[in-house]
Each structure stands twice: as structure tokens, then as C-alpha cells.
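Residue numbers (UniProt numbering): 1 to 257. As C-alpha cells, the structure follows; a few thoughts come after it.
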Amino acid sequence: MSETVLEVKNLESFYGPIMAIRGASLKVEKGQVVTVLGANGAGKSTLLKTISGIMDPEKGQVIFEGEEIQGKEPHSIVRRGIVHVPEGREVFPLLTVDENLSLGAYTRNDKAEIEKDREMVFDYFPILKERRGQEAGTLSGGQQQMLAIGRGLMLRPKIMLLDEPSLGLSPLLVQEIFAILKRLNEDEGVTMMLVEQNAKVALELADMGYVMEIGRIVMDGSADRLMESEDIKAFYLGHQEEGARGERRWKRKKTWR
Ligand SMILES: Nc1ncnc2c1ncn2[C@@H]1O[C@H](COP(=O)(O)OP(=O)(O)OP(=O)(O)O)[C@@H](O)[C@H]1O
């Protein structure tokens with residue numbers, strides 16, 4: 001039976017006078033990969049920032065494992081098992097790969113367990129093991145993205161919030177990273193909420209998808225059904241090269257299940 005781990009209800013978030021989230025609601029079931037698609041400025045990153053406590057919502061609820069967590073401190077949210085991997089591959093550039101991973105485990109004390117988890121990260125990302133003594137700032141963009149995900153894993157997430165892991169990477173690297181995310185979901189049971197502009201790779205990985213536009217969820221459904229939807233084909237899959245993603249305005253929310 002499915003079990004809802006995360007639920008967002010009627011969320012509203014502002015940057016000063018700018019209303020970036022305008023009443024968004026969604027659910028993530030345990031073990032699922034849920035993707036949130038949308039054009040630039042739709043509010044995807046703001047949604048993740050509000051869930052992870054970086055921003056306080058004006059209204060609405062974020063419910064994690066049955067408990068309301070909106071407005072709580074980011075540290076307390078991380079300790080509950082919600083791990084945010086922000087856009088832009090945030091790593092400590094002057095620290096080595098090993099040091100970055102150790103710091104990733106900052107909520108934990110058991111050194112042997114931390115060591116075991118670092119080896120687990122290296123199993124998924126062997127290139128990081130080869131580069132373990134290298135300063136993170138000297139890694140390639142793709143390797144930094146791998147390290148950012150690896151650091152998140154060191155916190156033993158119950159759910160990972162991934163913000164555009166494909167951003168700025170070559171198609172081959174994107175395939176590689178998404179194949180690893182799939183293994184992490186299937187083999188380690190990591191639940192994921194994935195914000196992406198690359199609808200194709202996101203829907204191939206995801207079980208469920210939501211489409212955001214100007215702060216609202218305008219469409220949702222199973223990833224298979226969304227891939228078949230004419231709107232998604234036309235505005236997120238078909239014309240990606242022409243930059244026409246998400247320019248269509250949905251008049252009402254559509255559900256494809
Ligand atoms: N620090 C900020 N101050 C003021 N407005 C902001 C700030 N960050 C984002 N916004 C605005 O909030 C809205 C949502 O932005 P957000 O970054 O969440 O969108 P996004 O869907 O993640 O876009 P992208 O795919 O380009 O990252 C946009 O209109 C944006 O201009």
C-alpha cells in the first residue's frame with residue numbers, strides 16, 4: 001500500500017511583493033520519484049526552498065511523515081531526513097572530495113557508519129573515489145554535480161529534493177547521472193522530488209509528474225501518461241531546442257492518471 005511521505009497543501013511563498021508560489025499542492029509517496037516540470041521562473045526552486053525551510057511560506061502546509069514542518073529551521077528539517085541538493089552544484093571548492101563528503105554527514109557522529117556511507121557513495125560514483133584527494137573546485141561540472149548528490153547521500157536522506165541536476169551538463173553526462181539516480185531509487189529506496197527543465201530525462205526517471213506555471217500546478221499525472229499528453233509533447237518535449245518550453249498557458253488544471 002502506498003504511504004505519503006511528503007504533502008504540500010495550498011502553499012504560498014513570496015519574495016517581498018513577488019508571489020512566487022500561488023497555492024501549490026502535491027504529494028510524494030514513499031519510494032517514488034516525483035518530478036516538477038516548468039519553464040524558467042515557474043517557481044520550482046522556490047517550492048524546494050520552502051519545503052526545505054530556506055524560505056518560510058506565507059500560507060499553506062508542508063507535511064512530512066504526518067507532521068507539519070512549514071516554517072521550521074532548515075537544520076531541523078535536514079535532521080528529519082529531507083535533504084536538498086540545490087541548483088548550481090554547491091560544493092566547498094577548497095576542500096577535497098573526501099572532506100566535502102565528511103562535511104556532508106554533519107548531522108551524524110558514528111565515524112564507522114560515515115566511512116561505510118562514503119564507500120557507498122564511491123560505489124555509485126567511482127570517479128569521486130579516483131579524485132578523493134582533489135579539491136572540489138577543480139572537478140569538472142559533472143563531477144561537482146556528482147559530489148553534490150554524494151554529499152546529500154551522506155545525510156541518509158528519507159527524501160532528496162534535487163534542483164535541476166541536469167543543468168549545464170552534456171547529454172551523455174545527464175544520462176549517466178540519471179542512471180545513477182535510478183539505481184539510488186531502486187536499490188537504496190531513496191524517495192526523490194526532482195525539479196527539472198529537461199522533461200524527457202525527468203519523466204523517464206519519474207513515477208509521477210507535476211507541471212508548474214507562474215507559481216501554480218497546472219497539470220499532474222503519472223509520468224507515463226504525462227509523456228503521452230499532447231501539451232507535454234508540444235511544450236516540454238517536442239520544441240525543447242526552440243526554447244518554446246512552457247510558453248503555453250493552461251486554462252485549467254489537467255489530471256492524467
Ligand atoms: N531572490 C529572489 N528575489 C526576488 N524574486 C525572486 C527571487 N528568486 C526567485 N524570484 C522570482 O520568483 C519566481 C520563481 O522563481 P524560481 O527560481 O522559483 O523559478 P524556477 O521555476 O526554479 O526557475 P528556473 O528554472 O529558471 O530556475 C520568479 O518570478 C523569480 O523571478
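Ideal placement from N, C-alpha and C gives every residue a C-beta, glycine not left out.
Taken through DSSP and simplified to helix, strand or coil, Ile-54 comes out as coil. Ligand 1 has a heavy atom closer than 7 Å to the beta-carbon of Ser-45. For Met-146, there is no enclosing beta strand (DSSP E); the enclosing alpha helix (DSSP H) covers residues 141-153.
Taking C-beta atoms under 8 Å as the contact rule, Glu-164 and Glu-87 qualify, at a distance of about 5 Å.
Remark: C-beta atoms of Lys-158 and Gly-71 do not approach each other more closely than 8 Å.
Nearest to Lys-44 by alpha-carbon distance, out of Lys-200, Leu-161, Met-208 and His-75, is Leu-161. Per DSSP, reduced to three states, the secondary structure at Lys-49 is helical. As a beta-bridge residue in DSSP terms, Val-195 pairs with Val-36 and Asp-163. A contact is defined here as three or more CB-CB pairs under 8 Å, and the stretch 44-58 fails this definition with respect to the stretch 174-192. Excluding residues up to 5 positions away in sequence, Val-78, Val-83, Gly-104, Ala-105 and Thr-107 lie with their Cβ nearer than 7 Å to the Cβ of Leu-155 in the same chain. DSSP places Ala-20 inside the beta strand (DSSP E), whose first and last residues are 18-29. Check the Cα spacing between Ile-217 and each of Ala-39, Gly-16, Ile-18 and Phe-14: the tightest is with Ala-39.
Counted as a single uninterrupted DSSP element, the beta strand (DSSP E) harbouring Gln-61 occupies residues 59-64. DSSP places Lys-44 in the helix class (H, G or I) of the three-state scheme. In this structure Leu-37 is not in contact with Val-201, their Cβ atoms being roughly 11 Å apart against a cut-off of 8 Å. Take Ser-13, set aside five residues on each side of it, and the residues of its chain with a beta-carbon closer than 6 Å to its own are Ala-20, Ile-21, Thr-46, Thr-50, Met-55 and Pro-57, in chain order. In the structure shown, Lys-129 falls within a helical segment according to DSSP collapsed to helix, strand and coil. Counting along the chain, Asn-109 sits inside no beta strand (DSSP E), nor does DSSP assign it H or E at all. For Asn-198, the shortest C-beta to heavy atom distance toward ligand 1 is 7 Å or greater. Taking C-beta atoms as the reference points, Leu-101 and Gly-150 count as a pair closer than 8 Å.
As the crow flies, the alpha-carbon of Pro-93 is around 5 Å from that of Ala-136. The continuous stretches of alpha helix (DSSP H) do not include Val-91, and DSSP gives it neither H nor E.
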